[in-house]
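Protein chains in written order, with the working numbering: chain Z, 67 to 343; chain P, 116 to 495; chain U, 61 to 365.
Ideal Cβ positions, reconstructed from N, Cα and C, are used throughout, including at glycine.
Since the structure comes first, as C-alpha cells, the remarks are kept for the end.
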Amino acid sequence: MNPTRSSVPWLSRVALILLGVLFLLPFFWMVSTSLKPLNETMKLPPQWLPSSPQWHNYPDAMQAMGPFWLYARNSLLLAFLNVVGTVFSSAFVAYGFSRLDWRGRDGCFFVLLATMMIPFPVVMVPIYGLFRALGWIGTFQPLWVPAFLAGAFNVFLLRQFFLSIPRDLSEAARIDGCSEFRIFWQIILPLAKPALLTVALFQFMATWNDFLGPLIFLARENQYTLALGLQALQGTISGTPWHHLMAASTLVLLPVLVLFFLTQRTFIRGIATTGLK
Amino acid sequence: MAKVLIENLYKIYPAEKGRPEKMAVDNANFEIQDREFMVLVGPSGCGKTTTLRMVAGLEEISRGAIYIDGKKINEIPPKDRDIAMVFQNYALYPHMSVYRNMAFGLELRGVPKEEIRRRVDSAARTLGLLEPDNLLERKPKALSGGQRQRVALGRAIVREPKAFLFDEPLSNLDAKMRVETRTEISRLHRQLASTMIYVTHDQTEAMTMADRIVVMRYGKIQQIAAPLDLYHQPANLFVAGFIGSPPMNFFTGTLTASRQGTLEFVEKVSAGQTPFRCPLSSETSRRLSSRQNREVILGIRPEHLHPNSLTSGVNLEATVEVVEPMGAETFVYLRTGGHTCICRTTQIEFMDLEGKNLNLGPDLSRAVFFDPETEAAIPA
Amino acid sequence: MTLGERRNLIKGLVFISPWIVGFLAFNLYPLIASIWFSLCDYSVLSQPVFLGAQNYVDLWHDPVFWKALRNTVVFAVVAIPLSTFLSIGLAVLLNQPITGQGIYRTIFFLPSLVPAISLAILWQWMLNGPMGLVNNLVRPFLNIINAVTGSHLQAPDWLNDPNFALWGLILTGLWGTGQAVVIYLAGLQEVPAELYEAAELDGTNAWQRFLHITLPMLSPVIFFNVLMSIIGALQTFAVPYILTGGGDGPGRSLLFLATYIYQNAFDYWNMGYASALALCLFVLIIGLSLVTVHYGEKKVHYSGR
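This is the structure:
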C-alpha cells in the first residue's frame, strides 16, 4: 500500500507466495494430468506427479480429436484473417475519426461508442438470418468478413493513439502534396506500429478464444476450429479420458502462451493503457 | 517567385456552445511584392498565424480572397498552391531519414530521382547538413533542435516554391540558436531571392529580418511599413509600444499655451505632485495647434531621453529607481511626478544613483504624439 | 457548406465507410430486426408471423426465464464484487518493491488468457466431485472442522449439485481476474508517492491510507472496470455452456440468460421468443449500466479534471 517503504511486511510476501501457488496450481494440474496414464488420473488421494510422463498422450489426444491439424489450420486461418482485417479496417476508420475534421464526426463517434453497449445475444439472431440469406452459414465468411468492417473497440483504441500524433505532421504532408490516403498509409500507419501491434495481439487472442461464433455459424465438421473440435471430444466418449482432454486443452492453450511470452511488454502495456483510458 | 495579394480577408469562427462568434482576422488587406520578406507580427491571438494558414490553405477563408501571382487560390488545395511551409515544431516525419524528409514532396510530384538528389544535396550543403557531419541518413530524433529546424528549411527549399511561409520557426530554439538561425534565414532570403511570409510574436525578429512588417492586433492590421518607419513613425499607441525594446515611454499630459506663443506639454500628475513641462518647437506647435488645452499622449523612446542634460524651458526631473548596466549601454528606470519611464544611454555609468534625481533632456524632434481616445498618432 | 467543408465531409465519410457498413449490417438492422422478431413467431425456416406481445407474455409466465434471469443476476452480483476485491487486493500486494514482481504479475495474468474451451474443460476436471483438485484441497480443512465441531461437512460435487454449481463457476471466474489486476496495478502506479508520504506524516496507518488515498485515486479505474464487468458478466455464455456439455447444469443452476437465448434460437429454432429474451437481456444491461453510472458519477473522484 505504501510503495516507498523499504521493508515489505512478511505477511505480504507470504500472501503473495500463497496466492501465486494457488494461481499456478490449475496450470500445473492440467499439465500433470495430461502426462499421466488414465488410471493414475483418478487415484485418490491425488497423485501430484505422473509416475512416468506419458508423452504419447499428446499425439493420442490429437488422434482422438480427429482431424486435429485441420482444426488447427482453420483456427490459424481465421485468426490471421481477423487480425489483418481488424488492423487495417480499424486503423482506416480511426483515421477518419481522428485526423480529419468534418461535420457530424463527433456525433457519429458517439454512435460508435454507443454500439459497444449492444450485447451479442441481442443481435445474434438477426445476424444469423442475414448470413443465412447470404448463404454464408456453414462457411467461414461470417467469422472473418465482419473483421474488415471495423469493430468499435479497436477503432476507439486506435483513435486515441492517432489523436496523439501532432497535427502539423499531417499539415506538412498536405503541403508536400500527399493525398489523404497517402498520409494515412505513409505517415500515420508507420508511426502507429506499437498501437497496431497491440490491436493485432488482442484480436488474435479474441479470435483464438472465440467459441460462440464458430458454434453458431459453422456446420460441417471439417470446418471446425480447435475450440469446437475440443468440445466435440468432450462430448463423445463416456468415461471421460481426462488425460487426453487435459493434453488437448494444453495444446489449444499453447499458442496463446507462446505469443504472450514473445510479446509480453506490448501486451501488458496495451492492457494497462486500455484500462486507464 | 511571386506576389501575394491579401484582399479583404476575414476569418470568422462561428459561435458554438460556450463561446460566441470569433473574428480571428478582420478585413486584412496587403500585398507582398515579389521577393519581399514580409513579417506578420503581433501578440498571440492577433490573427497572424491564422492569416498565414489561410495563405497556406490549411485554414478555410471565411470572406475575401488571396491571390498568388495574380491567380485566386481560395479554392485550391495546399499542394497545388506552389508554396512551402516551415512549422514551429518542425513537423519532420519521425520515421523517415533527413534525406527522405526533404525528398518526400518532390517524390510525390514525380520529380526524377537525379533531380531530387541534386536539389537535396544542394540544399543540404547550403544549410550545413553535410559538414561537419553528413546528417542525411539520420532520423529526426537523432538531431538537435537547430539541426531539425534546418532540415525543415531544407524541405521547403527543395520545393522551389513561389513563396515560403514561416510559422514562428524560431520559438522552440534556445536564445543562441535563435540568433544563428535568424541570420541563416535572412541569408537564405538574399541567396534565393524569393518571396517569404514570416509570422512571429517577437518584434526583434520582425525588425531584423523584414523588408516590411504587418503589425496585427485582435485580428486587425495596425500598420504596414518598413521596420524603421514603424519604429520612428508608429501609426498608433499599440505599434509604438510593441515595436522597440525597451518600449517607448508614454506620458499623458495637456498642451497649454506657453509664454513664447508656442505650445507646451504639461505632464498630468496626481494631487500634490509637480508636473514637468516641455515647450514644443514652433513647427510642432503649429501642427498640434488644434489640440490646445486638450489631453495628448507624448511618446518618446528611451534613447531620446538624455540624462543629466539641461534643456532650456524643460524641467524634466525624475527620481532614479533602478539602474541596469548592460555593458555597452545602461538602462535607467525613473519616476516622474505622474509616470515611470526608461532612459537608455551610453554615457558614464550611473551606479549608486538609485534614489537620486536626474535631469532628463528629451529630444522632442523624435517624439510622437497620440490622441488618447483613438490611440492614433497625430500625423505629422 | 463551403467547398472545403464538403470535401472534408466526403473524405471523412469515405474513411469511416467500413464502419458504416458494419454499423448498418451488424448494429442497426439487427437491433430493429430483433424488436420485430420479438413480436413474431419466427423460425428461420419460414416467414415470421406477427404475434403482438405474445412472446413477452409467455416470457413473463416462463419459470425457466425467471430461473435464467435469477442465475445471471446472482452470478453478476456475487462474482463482480468478489473479483474486484481480489484483483485490487492482488494489485496492492504487487505494488510493493518485491523481487520477482514481474513474475508474480505474469502468474496472475496468465489464466485470463486461457481460451474458454480449455478453461472450461480444465475446471470441469478441477471441480469434479470425487477426483477434482479443488475438493482434494478443501477436504482436509473440512475434515478438521468436522473433527472439531462434530459436523458432517462434505466437499460438494460442484457441477452436479444445484446449490454449488454456480459457486464453482464463480471460482472459475476468479481465476481469470488477472487482466483486471494488470489494469489496477497500472492505476496504483499512477498515484503520486507524495500523497502517501504526506499522509504518513499526518499519522495515518496503512489501512487508512488505503481507504482515503488509494481507493479514491483508483476510483475512475474501478468504475470503468466494474461497468465493463457488469456488461460482460450478464452475457456469460461460453464457459457454463461447455462446462455443462451444452446443457443447463444441475437443476438448471447454470442456465444463464445468454444460454437460454441460444437454446431457444438454435436448439428449438424459436427465434421470436429468443429475440424477446435477448431484448430483456439488453434492457437489463442498460438498466444496470445506468445505475452504475449514476452511482459512479457521485462516488468517483477525478483528479485534475
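- Task: Below 7 Å between beta carbons is the criterion; list the residues of the segment 232-264 of chain Z that meet it against any residue of chain P, in chain order.
- Result: P232, D234, L235, E237, A238, R240, I241, D242, G243, C244, I253, P256 and L257
- Near U/G364, which residues of its chain fall below 8 Å by C-beta distance, leaving aside the five closest residues on each side in sequence? By one-based count along the third sequence, residue 364 of chain U stands at place 304. Confidence at U/G364 is low in this model, with a pLDDT of 41, below 50, so the placement of that residue should be treated as unreliable; the coordinate-derived value is given next. Excluding sequence neighbours, U/G364 sits near nothing in its chain.
- Item | From P/H421, P/S480, P/P362 and P/M331, residue whose alpha carbon lies closest to that of P/E398 | For the purposes of this step, residue 398 of chain P is identified with residue 283 of the second sequence, where counting begins at 1. Out of P/H421, P/S480, P/P362 and P/M331, P/S480 has the C-alpha closest to the C-alpha of P/E398.
- Task: Could you check the C-alpha separation between P/Y448 and P/G428 for me, to the nearest Å?
- Result: Taking the first residue of the second sequence as position 1, residue 448 of chain P is located at position 333. Taking the first residue of the second sequence as position 1, residue 428 of chain P is located at position 313. When rounded, the distance between both Cα atoms is 23 Å.
- So, helix, strand or coil for P/L425, using DSSP? What you label residue 425 of chain P is simply residue 310 of the second sequence in a count that begins at 1. Correct three-state label for P/L425: coil.
- Message: Tell me which residues share the same chain as U/F110 and place their Cβ nearer than 6 Å to its Cβ, disregarding the 5 neighbours each side in the sequence.
- Response: Here residue 110 of chain U is taken as the residue at index 50 of the third sequence, counted from 1. The answer, listed in chain order, is C100.
- Task: Could you tell me whether the Cβ of P/E490 comes closer than 8 Å to any Cβ of chain C?
- Result: The structure shown has no chain C; the protein chains it does contain are Z, P and U.
- Is it the case that the Cβ atoms of U/I148 and U/I290 are separated by a distance below 8 Å? Position 88 of the third sequence, counted from the first residue, corresponds to residue 148 of chain U. Position 230 of the third sequence, counted from the first residue, corresponds to residue 290 of chain U. Contact: no.
- Item | C-beta atoms of U/G309 and U/L315 nearer than 8 Å | The residue given as residue 309 of chain U occupies position 249 in the third sequence. The residue given as residue 315 of chain U occupies position 255 in the third sequence. Cβ distance < 8 Å, so U/G309 and U/L315 count as in contact.
- Exposure label - U/S178; buried when at least 16 CB within 10 Å: Here residue 178 of chain U refers to the residue found at position 118 when the third sequence is read from its first residue. U/S178 should be labelled buried.
- Members of the segment 169-186 of chain P that neighbour chain U once the beta carbon cut-off is set at 8 Å: E175
- Message: What would DSSP say about P/F484, mapped onto helix, strand or coil?
- Response: For the purposes of this step, residue 484 of chain P is taken as residue 369 along the second sequence, with counting starting at 1. Of the three classes helix, strand and coil, the one that applies to P/F484 here is strand, per DSSP.
- Query: Contact check, P/E122 vs P/G179 under 8 Å by CB: the rounded distance?
  - Reply: By one-based count along the second sequence, residue 122 of chain P stands at place 7. By one-based count along the second sequence, residue 179 of chain P stands at place 64. That pair is a contact at about 6 Å.
- Item | Chain-ordered neighbours of P/R224 on chain Z, where CB pairs are closer than 7 Å | Translated into the one-based positions of the second sequence, residue 224 of chain P becomes position 109. The answer, in chain order, is G243.
- Item | Distance CB(Z/S100)-CB(Z/A298) smaller than 8 Å | Counted from its first residue, the first sequence places residue 100 of chain Z at position 34. Counted from its first residue, the first sequence places residue 298 of chain Z at position 232. No. Outside cutoff.
- Query: Under the rule that 16 or more other beta-carbon atoms within 10 Å means buried, what is Z/W274, buried or exposed?
  - Reply: To locate residue 274 of chain Z, count along the first sequence from 1; it is residue 208. Its Cβ being crowded by 16 or more others within 10 Å, Z/W274 is buried.
- Query: CA-CA distance, Z/N123 and U/V241?
  - Reply: Against the first sequence, residue 123 of chain Z aligns to sequence position 57. Against the third sequence, residue 241 of chain U aligns to sequence position 181. Z/N123 and U/V241: Cα-Cα distance of roughly 35 Å.
- Backbone secondary structure at P/R392 - three-state DSSP: As a first step, residue 392 of chain P is located in the second sequence; it is residue number 277 there, counting from the start. The answer is strand: DSSP assigns P/R392 an E or B state.
- Out of curiosity, what's the CA-to-CA distance linking Z/G295 and Z/M131? Counting from one through the first sequence, the residue named residue 295 of chain Z turns up at place 229. Counting from one through the first sequence, the residue named residue 131 of chain Z turns up at place 65. Between Z/G295 and Z/M131, the C-alpha separation is close to 6 Å.
- Message: Is there a Cβ of chain U sitting closer than 8 Å to that of Z/W168, yes or no?
- Response: Position 102 of the first sequence, counted from the start, is the residue given in the question as residue 168 of chain Z. Closer than 8 Å to some Cβ of chain U, the Cβ of Z/W168 qualifies, so yes.
- Pair within 8 Å by beta-carbon distance, Z/I337 and U/I167: Here residue 337 of chain Z corresponds to residue number 271 of the first sequence, with the count starting at 1. Here residue 167 of chain U corresponds to residue number 107 of the third sequence, with the count starting at 1. Contact flag unset, no.
- Delimiting residues of the beta strand (DSSP E) encompassing P/M311: Indexing the second sequence from 1 puts residue 311 of chain P at position 196. Here the beta strand (DSSP E) through P/M311 covers T310 to T315.
- Cutoff 6 Å; reference P/R416; Cβ partners in own chain excluding five residues on either side: Within the second sequence, the letter at position 301 stands for residue 416 of chain P. Same-chain partners within the cutoff: M363.
- Going along chain Z in order, which residues have a C-beta closer than 8 Å to the C-beta of P/N204? Here the question's residue 204 of chain P lines up with position 89 in the second sequence. Those within 8 Å of P/N204 in chain Z are P232 and D234.
- Could you say which of U/E65, U/A325 and U/F75 lies nearest to U/V104 if we only look at CA atoms? Here residue 104 of chain U is taken as the residue at index 44 of the third sequence, counted from 1. Of U/E65, U/A325 and U/F75, the residue nearest in Cα terms is U/A325.
- Task: Measure the beta-carbon distance from P/I127 to P/S177 and round it to whole angstroms, keeping in mind my assumption that it falls under 8 Å.
- Result: To locate residue 127 of chain P, count along the second sequence from 1; it is residue 12. To locate residue 177 of chain P, count along the second sequence from 1; it is residue 62. Confirmed, about 4 Å.
- Task: Locate the alpha helix (DSSP H) running through U/I302, then write down its first and last residues.
- Result: Taking the first residue of the third sequence as position 1, residue 302 of chain U is located at position 242. Taken as a continuous stretch (DSSP letters only), the alpha helix (DSSP H) holding U/I302 covers A298 to L303.
- Query: In the DSSP assignment, what are the bridge partners of P/K496?
  - Reply: Chain P is shown only over 116 to 495; residue 496 of chain P falls outside these bounds and no answer can be derived.
- Task: Could you check if P/Y386 is buried or exposed, using at least 16 other CB atoms within 10 Å of its CB as the buried criterion?
- Result: The residue given as residue 386 of chain P occupies position 271 in the second sequence. Just to set this straight, residue 386 of chain P is Ala in the shown sequence, not Tyr. It counts as exposed.
- Considering only the beta carbon of each residue, do P/Y333 and P/C161 sit closer than 8 Å? The residue labelled residue 333 of chain P in the question sits at position 218 within the second sequence. The residue labelled residue 161 of chain P in the question sits at position 46 within the second sequence. Yes, the pair counts as a contact, with Cβ atoms nearer than the cut-off.
- Task: Pull up the DSSP beta-bridge partners for P/V201, would you.
- Result: In the second sequence, counting from the first residue as 1, residue 201 of chain P sits at position 86. Looking at the DSSP assignment, P/V201 forms a beta bridge with P/F281.
- Message: At the 8 Å Cβ level, is U/V81 part of the contact set with chain P, yes or no?
- Response: Within the third sequence, numbered from 1, the residue matching residue 81 of chain U stands at position 21. Answer no: the Cβ-Cβ gap between U/V81 and chain P never drops below 8 Å.
- chain P contacts from the segment 61-85 of chain U (Cβ-Cβ distance under 9 Å): T62, L63, G64, E65 and R67
- Query: When you compare each of P/S424, P/N430 and P/C458 to P/P440 by their alpha carbons, which one comes out closest?
  - Reply: In the second sequence, residue 440 of chain P corresponds to position 325, counting from 1. Ranking the options by Cα distance to P/P440, first place goes to P/C458.
- Whole-angstrom C-beta distance between P/G453 and P/E382, which should lie under 8 Å: Indexing the second sequence from 1 puts residue 382 of chain P at position 267. Indexing the second sequence from 1 puts residue 453 of chain P at position 338. P/E382 to P/G453, Cβ: 5 Å. Contact.
- Query: Between the beta-carbon of P/G269 and the beta-carbon of P/L244, is there less than 8 Å?
  - Reply: For the purposes of this step, residue 269 of chain P is taken as the residue at position 154 of the second sequence. For the purposes of this step, residue 244 of chain P is taken as the residue at position 129 of the second sequence. Yes, they are a contact pair.
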